[in-house]
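Each remark here refers to the structure printed beneath this line.
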Amino acid sequence: MTEELLKIRHSASHVLAQAVLRLFPNAKLDIGPATDSGFYYDFDVDHKFTAEDLEKIEAEMKKIISENQRFEKFEATREEAKKLIENSGQGLYKLGRLNDIPEGAPISFYKNGEFTDLCAGPHVDYTKRIKAFKLLSVAGAYHRGDEKNKQLQRIYGTAFESKEELAKYLEQQEQAKLRDHRKLGKDMGLFAIDEKVGQGLILWKPKGAKLRQQLQDFILELLRQQGYEQVFTPHIGKLGLFKTSGHFPYYKESQFVPIIERDDLQDMINCNASVSTFEEKIENGDAQGFLLKPMNCPFHVQIFKSDPHSYRDLPVRLAEFGQVYRWEQSGELNGMTRVRGFTQDDAHIFCTPEQLDAEIQGCLDLVKNVFVTLGMKDYRVRISLRDPNSDKYVGSDENWQKSEEAIRKAAMSLGVPFTEELGEAAFYGPKIDFVIKDVIGREWQLGTVQVDYNLPERFDLTYIGADNKSHRPVMIHRAPFGSLERFTGVLIEHFGGNFPTWLAPEQLRIITLSDEVIEFADKIYKRLKDLGLRITMDDSSEKLGAKIRRAELEKVPHMFVIGKKEAAENKVSLRSRLRKSLEGVRDTEEAIALILDNIKTRDLGDAFTS
RNA sequence: GCCGAAAUAGCUCAGUUGGUAGAGCAACGCAUUCGUAAUGCGUGGGUCGUCGGUUCAAGUCCGAUUUUCGGCUCCA
Numbered sequence: 245m246t247e248e249l250l251k252i253r254h255s256a257s258h259v260l261a262q263a264v265l266r267l268f269p270n271a272k273l274d275i276g277p278a279t280d281s282g283f284y285y286d287f288d289v290d291h292k293f294t295a296e297d298l299e300k301i302e303a304e305m306k307k308i309i310s311e312n313q314r315f316e317k318f319e320a321t322r323e324e325a326k327k328l329i330e331n332s333g334q335g336l337y338k339l340g341r342l343n344d345i346p347e348g349a350p351i352s353f354y355k356n357g358e359f360t361d362l363c364a365g366p367h368v369d370y371t372k373r374i375k376a377f378k379l380l381s382v383a384g385a386y387h388r389g390d391e392k393n394k395q396l397q398r399i400y401g402t403a404f405e406s407k408e409e410l411a412k413y414l415e416q417q418e419q420a421k422l423r424d425h426r427k428l429g430k431d432m433g434l435f436a437i438d439e440k441v442g443q444g445l446i447l448w449k450p451k452g453a454k455l456r457q458q459l460q461d462f463i464l465e466l467l468r469q470q471g472y473e474q475v476f477t478p479h480i481g482k483l484g485l486f487k488t489s490g491h492f493p494y495y496k497e498s499q500f501v502p503i504i505e506r507d508d509l510q511d512m513i514n515c516n517a518s519v520s521t522f523e524e525k526i527e528n529g530d531a532q533g534f535l536l537k538p539m540n541c542p543f544h545v546q547i548f549k550s551d552p553h554s555y556r557d558l559p560v561r562l563a564e565f566g567q568v569y570r571w572e573q574s575g576e577l578n579g580m581t582r583v584r585g586f587t588q589d590d591a592h593i594f595c596t597p598e599q600l601d602a603e604i605q606g607c608l609d610l611v612k613n614v615f616v617t618l619g620m621k622d623y624r625v626r627i628s629l630r631d632p633n634s635d636k637y638v639g640s641d642e643n644w645q646k647s648e649e650a651i652r653k654a655a656m657s658l659g660v661p662f663t664e665e666l667g668e669a670a671f672y673g674p675k676i677d678f679v680i681k682d683v684i685g686r687e688w689q690l691g692t693v694q695v696d697y698n699l700p701e702r703f704d705l706t707y708i709g710a711d712n713k714s715h716r717p718v719m720i721h722r723a724p725f726g727s728l729e730r731f732t733g734v735l736i737e738h739f740g741g742n743f744p745t746w747l748a749p750e751q752l753r754i755i756t757l758s759d760e761v762i763e764f765a766d767k768i769y770k771r772l773k774d775l776g777l778r779i780t781m782d783d784s785s786e787k788l789g790a791k792i793r794r795a796e797l798e799k800v801p802h803m804f805v806i807g808k809k810e811a812a813e814n815k816v817s818l819r820s821r822l823r824k825s826l827e828g829v830r831d832t833e834e835a836i837a838l839i840l841d842n843i844k845t846r847d848l849g850d851a852f853t854s
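Each residue of the first sequence is one higher than the one before, counting from 245 in the numbering used here.
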């Protein structure tokens, strides 16, 4: 974003606040910054802003802009500032904001027309510089982002340097909606979410299942190459298992309520136990029960523990497409990208401390391989470290330092820029995450690699070293996709539904021109079926144009069009929406070979290679 | 969970101040056998998300509830 655009957006937020004050003089202002995509301002008003209010506010803003007021900056001492804010009647939030300014730092205000706001700037010089803006929506937002505080009304808007750019942005937003995985997932019959089944629970329909199976097979192939072994574990485990791992009761808020054994449940009902007694008994082990698993690690740990291990066995790499369940807040659920039941392409590596660096490296190679194969370039890498001032983390300082160092070293070797974020680590260890944006600009964490010294400790994992003594292994948690649900959601948007042939639910459609060629077409259909291709045949009596249109709308990557001419010469007319260079009337076998090659090479198509 | 908006046919949507639900596409049937993004005609399809209330009468008004959407908070 240019400096000028930043100024325009920030100034627009001031004008927004000014307009709101003109229309709602009792409004209390909190804060109004520029953002990556626009600006907002938070208000505390009794009146609930409606869509019509936004129009009125927008009109008032236009008036202020046409008044061409000058933005003037002035500095004040802390005392003067305090007095100024109090006199303006805006002390409720602004005095707190004033206190945020560190001692010794300059305190400045910006004034335009009748409006003055505590602000570090910068701003445009005159309101007329705000040439193109639009108010977009109103939403609730907690003061200082803390849900314990009052929820204010936030008005979102956006602004650009020119009307053309604004129009272009709004058009892009409209276009983006067409790629939304929730829309495409429905239109293309990939998945469904059903009110009766439950929120945040994905039903993979046959076409989506085909896509998912291809992704799983792809991952399995990579895992075999890297020396992983596949395991399967149950969806529930005893509460004690998760107590040992530390996940229960500390994260009970984000888990489904435990399944309590019938007898214990009956006992508690018999003695009229209150909810708190109930919870207490579950937590201290007086009541037995099971937890719907929120993660797979404890199960893999127990698999590791079921055999004695020598240093010669390590690393042990256990992989599973493990379905986990988490109690996400209802307001957070979102299509396939934020759900309550999801499948991690999970694996846990148990290795010696000496092997750690190489193993992390191996995990990152895997993630990179996945991203390159799918043509995903627009991601960012984040390393998540511990917040040194928080006590939510487990494990010794020494181990944390070791693992943070290992993670940082691995991230540096990636050769792509990364950010370090304090306080983002898992409670048991630091991680490297791969983060990608969806069509409307929201970020989602996909692949993750996490180092863990804690679980081996808690489960007392050991291996026998070359010195014939017991040693503690290190664990790595890793998931290159993160979850198949989220990844698929992001992937639908990434490809806009135009999947490469190897992933497409339907890879090829045979389209006949008349009934006379059905026999010939059917032979090809059977041949392709035998080759394992996912194909259908459209021998309906519609016109060719209509059949092609339908295949295009259904985003089938390739079509074999067969008419009398082709049938007579054992040819097909190949039409490809993925790769134009494949098109043409070709010998049947040649066309088939081209399709098979397109699958084998996992061709991303013209859109990704032009 | 919180703030706001929404829910009408498989899909996209219309439905006047309350008077007994409509279009396009899709589906199905018949005719058509066609050369690279829409052949024509016909037919069926809705407890208006759910429950309750007001009313002679509710898709329309009121309440509750479920779900979805945009944010906020959260995301081991």
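Each residue gets a CB set at the ideal place from its N, CA and C atoms; glycine is no exception.
Could you tell me the distance, in whole angstroms, from the CA atom of residue i to the CA atom of residue j?
| i | j | result |
| --- | --- | --- |
| SER784 | LEU775 | 24 Å |
| GLN645 | LEU466 | 31 Å |
| GLY639 | TRP746 | 44 Å |
| SER647 | LYS326 | 47 Å |
| GLY789 | THR581 | 37 Å |
| GLU760 | GLY828 | 22 Å |
| VAL519 | PHE534 | 18 Å |
| PHE619 | ASP847 | The amino acid occupying residue 619 in the given sequence is Gly; Phe does not appear at that position. For GLY619 and ASP847, the distance between alpha carbons rounds to 10 Å. |
| ASP508 | GLU497 | 22 Å |
| PHE615 | LYS621 | 7 Å |
| PHE804 | LYS454 | 21 Å |
| ILE252 | PHE703 | 56 Å |
Go through its chain and collect everything with a Cβ distance to residue i's Cβ below 6 Å, but skip five positions before and after it.
| i | result |
| --- | --- |
| ILE345 | ILE351 |
| LYS525 | ALA531 |
| GLY585 | LEU445 and TYR569 |
| PHE725 | ASP589 and PHE731 |
| GLU316 | LYS355 |
Would you say the beta carbon of residue i comes nearer than 7 Å to a heavy atom of the ligand GTP?
| i | result |
| --- | --- |
| GLN395 | Summarising the ligand content, the structure contains no ligands, and the ligand GTP is consequently not present. |
Per DSSP, what are the beta-bridge partners of residue i in this structure?
| i | result |
| --- | --- |
| VAL382 | ILE399 |
| ASP831 | LYS815 |
| LEU752 | ILE779 and HIS802 |
| THR692 | ASP677 and ALA723 |
| ALA670 | GLY673 |
| ILE351 | ALA320 |
| GLN588 | GLY566 and SER727 |
| GLU527 | Paired residues: none, contrary to the question. |
Under 8 Å, do residue i and residue j count as touching if we go by C-beta distance?
| i | j | result |
| --- | --- | --- |
| ILE754 | ILE736 | no |
| ALA304 | LEU273 | According to the sequence as given, residue 304 is Glu; it is not Ala. Taking 8 Å as the Cβ cut-off, GLU304 and LEU273 do not qualify as a contacting pair. |
| LEU838 | LEU822 | no |
| ASP288 | LEU414 | no |
| VAL695 | VAL718 | yes |
| PRO855 | ILE604 | A query on residue 855 cannot be resolved here, the shown segment of the chain reaching from 245 to 854 and no further. |
| PRO700 | GLY849 | no |
| HIS479 | LEU536 | yes |
| GLN751 | PRO674 | no |
| ARG341 | ILE275 | yes |
| LYS375 | LYS421 | no |
| GLY807 | LEU757 | yes |
| ILE651 | ILE627 | yes |
| ILE513 | CYS607 | no |
How would you label residue i, buried or exposed, when you count the other beta carbons within 10 angstroms and need 16 or more for buried?
| i | result |
| --- | --- |
| GLU834 | exposed |
| CYS515 | exposed |
| VAL441 | exposed |
| THR587 | buried |
| GLY401 | buried |
| ALA385 | buried |
| PRO277 | exposed |
| ASP682 | buried |
| THR321 | exposed |
| GLY282 | buried |
| GLY452 | buried |
| GLY365 | exposed |
Taking 7 Å as the limit between beta carbons, can you name the residues of its chain near residue i, skipping five residues before and five after?
| i | result |
| --- | --- |
| PHE476 | GLU564 |
| LEU379 | LEU298, ILE301, GLU302, ILE399 and GLY401 |
Output needed for residue i: all residues of its chain with C-beta closer than 8 Å, excluding positions within five of it in sequence on either side, in chain order.
| i | result |
| --- | --- |
| PRO450 | GLY433 and PRO749 |
| ASP625 | Reading off the sequence, residue 625 comes out as Val, not Asp. Cβ neighbours of VAL625 beyond the five flanking positions: ALA655, LEU658, VAL660, PRO661, PHE662, THR663, ILE676, ASP677, PHE678 and VAL679. |
| THR706 | HIS553, SER714, HIS715, ARG716 and PRO717 |
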